[in-house]
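**Student:** Sharing a structure here in structure tokens format.
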Amino acid sequence: MDKILLKIPKKSEYMSTIRLTSSALSNINRFNIDEIEDIKVIVSEICTFFIKNLNRNTEDFEISYQVSQNKIIVTVADLNDGELSVESLNDDMSIMIIESLSDNFNYDFNNKTITFEKTKIGVD
Amino acid sequence: MSLEIEKRIQDTIIEIKPIGEVDIYTSPELKNQIFALIEERSADIIIDGESLEYIDSTGLGALMSIYKKMQENSLNLKIINLKPNIYKLFDITGLNKVFNIRE
């Protein structure tokens, strides 16, 4: 399993760079076009969720991609101080999209990380 | 990729064509430009998604604000030519039932 780490400022102007990187890494692993689109959307929505719900942005996002033959595991950590409330999960369009498109997901609000998995279709 | 917004103004209809990506960085620009047009023209709006490559939840939120603003002014909003990957997000969030979306 290869591991790639992207440390990037928590600023909205870097969102397209984050999406481009996510697509490129998914493409290396030969996900199909729909799966690559899903991975790009999920990563982008996780970062958007943090930007919307945790105001501090002096520290970076740390995005880790673990790429294996049949799946990708992505963890987005917001390295800023501050607290996320569980209420932020309610009625949030980002969360709706993340939960719909990922195969597995986990919110760790103490460490301000969200992790998801996407498995290739047709691979056990 | 950033966002360009093409506008074609006819008598009672304004056609808006977003070119590129509508996300947390660019959605305020789309919202502000369309709000200004609503104030200025008071016309129905068609958003043409032919060149819209990406939209995120904040972009969808901006469209919701535009929709509400237009309803307050008794104006109509129609969205056309959405790509399947974009329509998928309207479907997931249930907004395909809110907006008037045509092929």
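For the record, the sequence lines run as chains Y and E. Counting with the working numbering, you get residues 237 to 360 for the letters of the first sequence. Counting with the working numbering, you get residues 479 to 581 for the letters of the second sequence. In this text, a Cβ means the ideal position worked out from N, Cα and C, and glycines have one as well.
Can you list the beta strand (DSSP E) stretches of 3 or more residues lying completely in the region 304 to 337 of chain Y, in chain order?
**Tutor:** Here the runs fully enclosed are 307 to 314.
**Student:** Counting contacts by CB-CB distance shorter than 8 angstroms, is residue 563/E in contact with chain Y?
**Tutor:** It does: the Cβ of residue 563/E has a partner Cβ on chain Y nearer than 8 angstroms.
**Student:** Here's the rule: buried if 16 or more other CB atoms are within 10 angstroms of the residue's CB, otherwise exposed. What is residue 537/E?
**Tutor:** With 16 or more Cβ atoms within 10 Å of its Cβ, residue 537/E is classed as buried.
**Student:** Within 10 angstroms of the Cβ of residue 345/Y, are there 16 or more other Cβ atoms? Answer buried if so, exposed if not.
**Tutor:** Classification for residue 345/Y: exposed.
**Student:** Is DSSP giving residue 580/E helix, strand or coil here?
**Tutor:** Strand, per DSSP.
**Student:** Going by alpha carbons, who is nearest to residue 482/E out of 544/E, 520/E, 521/E and 526/E?
**Tutor:** Looking at the Cα atoms, 526/E is the closest of the given residues.
**Student:** So, for residue 276/Y: in the same chain, excluding its five sequence neighbours on each side, which residues have a beta-carbon less than 6 angstroms away from its beta-carbon?
**Tutor:** Here the set comprises 255, 258 and 259.
**Student:** What are the start and end residues of each continuous beta strand (DSSP E) run of 3 or more residues lying completely inside the region 523 to 566 of chain E, in chain order?
**Tutor:** Within the region 523 to 566 of chain E, the complete beta strand (DSSP E) runs of at least 3 residues are 530 to 533 and 555 to 558.
**Student:** Kindly list the residues whose CB is nearer than 7 angstroms to the CB of residue 292/Y, restricted to its own chain and excluding five residues on each side of it in sequence; keep chain order.
**Tutor:** Closer than 7 angstroms at Cβ, skipping near neighbours: 316, 317 and 318.
**Student:** Output, in chain order, the set of chain Y residues within a Cβ distance shorter than 7 angstroms of residue 527/E.
**Tutor:** Under the 7 angstroms cutoff, chain Y gives no residues; its nearest Cβ is about 15 angstroms from residue 527/E.
**Student:** Label residue 329/Y either buried or exposed according to how many other C-beta atoms from any shown protein chain fall within 10 Å of its C-beta, with 16 as the threshold for buried.
**Tutor:** Burial call: buried.
**Student:** Using the beta-carbon of each residue, which ones in chain E are nearer than 7 angstroms to residue 237/Y?
**Tutor:** Per Cβ cutoff of 7 angstroms: no residues; residue 237/Y is ~28 angstroms from chain E at best.
**Student:** Return the CA-CA distance between residue 578/E and residue 294/Y, expressed in angstroms with no decimal places.
**Tutor:** Between residue 578/E and residue 294/Y, the C-alpha separation is close to 41 angstroms.
**Student:** Would you verify that the beta carbon of residue 522/E is, or is not, closer than 8 angstroms to some beta carbon of chain Y?
**Tutor:** No, residue 522/E lies away from the interface with chain Y (no Cβ there is under 8 angstroms from its Cβ).
**Student:** Straight-line CA distance for residue 340/Y to residue 552/E?
**Tutor:** Computed Cα separation, rounded: 43 angstroms.
**Student:** Any idea what DSSP makes of residue 291/Y, helix, strand or coil?
**Tutor:** DSSP places residue 291/Y in coil when its eight states are reduced to three.
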